[in-house]
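Enquirer: Numbers given in the working numbering equal positions in the sequence shown, counted from 1, plus 45. This is the structure I want to talk about, given as structure tokens.
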Amino acid sequence: MNKETKRCKGCGIILQEDNMLQEGYTTSLENDICQRCFRIKNYGEYQVVAKSNEEYLDILKGVGETKDLVLYVTDLLNLEEDILKIREYIKNKIILVLNKKDVLPKSIKEEKLIAYFKENNTFFEEIIVVSVEKNFNIDYLLKRIKNLQTSKNVYVVGHTNAGKSTLINKLIKNYATSNSYELTMSPLPSTTLDTVKIEINEHLTLIDTPGLVDNSSLINYVDSKMLKKISPKKEIKPRTYQLRKGQSIIIEDIVRIDYSNGDKNSFTLFISNDLKVKRFINPKHEDLKEKNKVTYELKYDSDLVINGLGFIKIVNKGTIDVYIDQNISTFIRSSLI
Ligand SMILES: Nc1nc2c(ncn2[C@@H]2O[C@H](COP(=O)(O)OP(=O)(O)OP(=O)(O)O)[C@@H](O)[C@H]2O)c(=O)[nH]1
Ligand SMILES: [Mg+2]
46 MNKETKRCKG CGIILQEDNM LQEGYTTSLE NDICQRCFRI KNYGEYQVVA
96 KSNEEYLDIL KGVGETKDLV LYVTDLLNLE EDILKIREYI KNKIILVLNK
146 KDVLPKSIKE EKLIAYFKEN NTFFEEIIVV SVEKNFNIDY LLKRIKNLQT
196 SKNVYVVGHT NAGKSTLINK LIKNYATSNS YELTMSPLPS TTLDTVKIEI
246 NEHLTLIDTP GLVDNSSLIN YVDSKMLKKI SPKKEIKPRT YQLRKGQSII
296 IEDIVRIDYS NGDKNSFTLF ISNDLKVKRF INPKHEDLKE KNKVTYELKY
346 DSDLVINGLG FIKIVNKGTI DVYIDQNIST FIRSSLI
């Protein structure tokens, strides 16, 4: 094979044996994967790579030039603020794949999630809730792919960490007729570095892509220990706090939420069970007040979304002050549940 174009089968990067410090390094071009993928796969040693989103957008534009079916994968706990944006880049048929159902409480029904997204996003061919981890709805997804594909190729796109590579590996495991190499997956952003084609069978080739890096997500601003803590592994047990005006909630040393005005109100936290939450009834304490403050006026049944952490359902009207690192975005939506 041409020396310049052999690519890593784990992350798609061009392999090279000249510079240990650069992407794609391998001890020998005979290898199938780069050293970074080797370390992730064998030792769970993660190495962050900074990806520019221009490359992601170029890839999306390339996808938009085809007529192929697209799977747009998102993480249910970390839904992007504007899911419609994808339409600006691609006019293809899209299946919206809402992944990681396993981390949401079982009481949240699939039908309800689908209805929520159908209300505003009419351009998706289909909306499917899955858990790749638990193999939930993967058979159904494959059935719909078969039905909607316009050629052999089906692209898998979405934000970084949504579970795109994990999904493709599951499809390889469940259905591939020939032996395919497993894609690299990791809890860090930017695991996949370039497109990777995986032939599932003679009728279906999936194309993995690097995810869009959301610079306003908490996952980019915590160390690996905290990253583990904020990424739920198990079903979230929602935690509800009844707050009166002047009281506040603090999650680790990440965010402080002051309930500054309104009647008695209920705050339910959908965040990893491992995170410590404190409730303060004394309005005078100053913890985390040095962080950036954002004020929100709430309507009934809103979610405060903290990008990368999860969301808080707030039942009644009122005013909240949110103190958080200014790089991390927060927003209000009508409640998902
Ligand atoms: N709980 C849960 N975790 C999942 C699921 N699917 C994937 N993950 C985890 O999500 C993290 C990211 O998975 P990847 O497959 O590397 O994500 P990606 O979308 O390919 O990310 P990039 O390559 O960085 O764009 C990993 O830690 C996976 O184990 C799921 O169904 N449930
Ligand atoms: Mg990936």
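Glycine residues also receive a C-beta, built at the ideal position from the N, C-alpha and C atoms.
Since I believe Glu170 is in contact with Lys138 (beta carbons under 8 Å), could you give me their beta-carbon distance rounded to a whole number of angstroms?
Expert: Going by Cβ atoms, the distance from Lys138 to Glu170 rounds to 5 Å, so yes, they are a contact pair.
Enquirer: Taking 7 Å as the cut-off, does the CB of Ser262 come closer than this to any heavy atom belonging to ligand 2?
Expert: Incorrect: Ser262 has no Cβ contact closer than 7 Å to ligand 2.
Enquirer: DSSP beta-bridge partners for Val300?
Expert: DSSP lists Ile296, Ile369 as partners of Val300.
Enquirer: Under the rule that 16 or more other beta-carbon atoms within 10 Å means buried, what is Asp308, buried or exposed?
Expert: Exposed, since its Cβ has fewer than 16 Cβ neighbours within 10 Å.
Enquirer: Indicate, with yes or no, if ligand 1 has a heavy atom lying under 7 Å from the CB of Met230.
Expert: Yes, the beta carbon of Met230 sits closer than 7 Å to at least one heavy atom of ligand 1.
Enquirer: Could you tell me if the beta carbon of Asn23 falls within a distance shorter than 7 Å of some heavy atom in ligand 1?
Expert: Lying outside 46 to 382, the shown extent of the chain, residue 23 is not represented and no answer is given.
Enquirer: Tell whether a beta-carbon distance below 8 Å holds between Leu354 and Leu263.
Expert: In contact: Leu354 and Leu263 (Cβ atoms closer than 8 Å).
Enquirer: Classify Leu343 as buried or exposed, calling it buried when 16 or more other Cβ atoms lie within 10 Å of its own Cβ.
Expert: With 16 or more Cβ atoms within 10 Å of its Cβ, Leu343 is classed as buried.
Enquirer: Below 7 Å, is the gap between the Cβ of Ser210 and the nearest heavy atom of ligand 2?
Expert: It does: the Cβ of Ser210 is within 7 Å (strictly closer) of some heavy atom of ligand 2.
Enquirer: Pick helix, strand or coil for Gly363, following the three-state DSSP scheme.
Expert: Of the three classes helix, strand and coil, the one that applies to Gly363 here is strand, per DSSP.
Enquirer: Out of Leu288, Lys282, Ile128, Val300, which has the shortest C-alpha to C-alpha gap to Val267?
Expert: It is Val300.
Enquirer: Are there any heavy atoms of ligand 1 lying less than 7 Å away from the beta-carbon of Val118, as far as the coordinates show?
Expert: Yes, since a heavy atom of ligand 1 falls inside the 7 Å radius drawn around the Cβ of Val118.
Enquirer: Rounded to whole angstroms, what is the Cα-Cα separation between Thr74 and Gln80?
Expert: Residue 74 is actually Leu in this sequence, not Thr. Leu74 and Gln80: Cα-Cα distance of roughly 11 Å.
Enquirer: What residue range is occupied by the uninterrupted alpha helix (DSSP H) comprising Lys338?
Expert: Run containing Lys338: none in the alpha helix (DSSP H); it sits in the beta strand (DSSP E), 337–343.
Enquirer: Suppose you measure from the CA of Ser269 to the CA of Tyr88; what does that come to, to the nearest Å?
Expert: Rounded to whole angstroms, Ser269 to Tyr88 spans 15 Å at the Cα level.
Enquirer: For Val322, name the three-state secondary structure that DSSP assigns.
Expert: Looking at Val322 - three-state DSSP - the assignment turns out to be strand.
Enquirer: Less than 8 Å between the CB atoms is what I'm expecting for Ile183 and Ala221, so what's the real figure, rounded?
Expert: Contact doesn't hold; Cβ gap of about 13 Å is too wide.
Enquirer: Going by the DSSP bridge assignment, what does Tyr286 pair with across the sheet?
Expert: Answer is Phe312, bridged to Tyr286.
Enquirer: For Arg52, report the span of its beta strand (DSSP E) as first-last.
Expert: From DSSP, Arg52 is part of no beta strand (DSSP E); its letter is neither H nor E.
Enquirer: What does Asp348 pair with, by DSSP beta-bridge criteria?
Expert: Note: Asp348 sits in a beta bridge opposite Lys358, Arg378.
Enquirer: Shorter than 7 Å, the distance from the beta carbon of Asp127 to the closest heavy atom of ligand 2, or not?
Expert: Every heavy atom of ligand 2 is 7 Å or more from the Cβ of Asp127, so no.
Enquirer: State the CB to CB distance for the pair Leu212 and Asn306, rounded to an integer number of angstroms; the pair is presumed to be in contact (CB under 8 Å).
Expert: That pair is no contact at about 44 Å.
Enquirer: When you measure from the CB of Asp259 to every non-hydrogen atom of ligand 2, does any distance come out below 7 Å?
Expert: The answer is no for Asp259.
Enquirer: In whole angstroms, what is the alpha-carbon distance linking Asp332 and Arg324?
Expert: So the two alpha carbons sit approximately 12 Å from each other.
Enquirer: Are the CB atoms of Tyr368 and Asn327 nearer to each other than 8 Å?
Expert: No, they are not a contact pair.
Enquirer: Buried or exposed: which applies to Gln92, given that a residue is buried once 16 or more other Cβ atoms fall within 10 Å of its Cβ?
Expert: Its Cβ having fewer than 16 others within 10 Å, Gln92 is exposed.
Enquirer: Among Val202, Pro277, Thr364, whose alpha-carbon lies nearest the alpha-carbon of Arg289?
Expert: Ranking the options by Cα distance to Arg289, first place goes to Thr364.
Enquirer: Spatial neighbours of Gly69 within its chain, please: CB distance less than 7 Å, with the 5 preceding and 5 following residues excluded, ordered by chain position.
Expert: Excluding positions up to five away in sequence, the list reads Cys53, Ile58, Ile59, Leu60, Gln61, Cys79.
Enquirer: Any heavy atom of ligand 2 within a distance shorter than 7 Å of the CB on Thr240?
Expert: Every heavy atom of ligand 2 is 7 Å or more from the Cβ of Thr240, so no.
Enquirer: Ordered along the chain, which non-local residues of its own chain (more than five positions away) have a Cβ less than 7 Å from that of Val339?
Expert: Contacts found: Val367, Thr375.
Enquirer: In or out: His204 buried (at least 16 other Cβ within 10 Å) or exposed?
Expert: Answer is buried; the Cβ neighbour count reaches 16.
Enquirer: According to DSSP, simplified to helix, strand and coil, what is Gly109?
Expert: In the structure shown, Gly109 sits in a helix (DSSP, three-state: H, G or I).
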